[in-house]
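Asks: What follows is a structure written as structure tokens; I'll ask about it next.
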Amino acid sequence: MTPDEAEQQARIRFLHAGTGFFRAGQVAAWAGVVYALVAVMQRVSG
Numbered sequence: 003m004t005p006d007e008a009e010q011q012a013r014i015r016f017l018h019a020g021t022g023f024f025r026a027g028q029v030a031a032w033a034g035v036v037y038a039l040v041a042v043m044q045r046v047s048g
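Be aware that the sequence shown starts at 3, since it is given in this note's numbering, and climbs by one per residue.
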């Protein structure tokens with residue numbers, strides 16, 4: 003494996019980690035929005 007190949011592998015791995023982290027952040031953001039909406043609805047109806 004040449005240094006160039008190793009660098010390419012590392013770059014691909016880094017990109018995959020980045021997209022995974024981004025997706026997890028999106029899911030957390032959606033969960034927060036849904037939770038806030040439910041809390042507001044309960045407060046209004048309660």
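No residue lacks a Cβ here, since even glycine has one placed at the ideal position from N, Cα and C.
Computed from a predicted model, the values in this text were never measured in an experiment.
Considering just the uninterrupted stretch of the alpha helix (DSSP H) at M43, what are its terminal residues?
Replies: Indexing the sequence shown from 1 puts residue 43 at position 41. Start and end: P5 to S47.
Asks: Roughly how many whole angstroms lie between the Cα atoms of V29 and F23?
Replies: Residue numbering aside, residue 29 sits at position 27 when the sequence shown is read from its first letter. Residue numbering aside, residue 23 sits at position 21 when the sequence shown is read from its first letter. Roughly 10 Å between the two C-alpha positions.
Asks: Can you tell me the Cα-Cα spacing of A12 and A41, whole angstroms?
Replies: As a first step, residue 12 is located in the sequence shown; it is residue number 10 there, counting from the start. As a first step, residue 41 is located in the sequence shown; it is residue number 39 there, counting from the start. Going from the Cα of A12 to the Cα of A41 covers about 43 Å.
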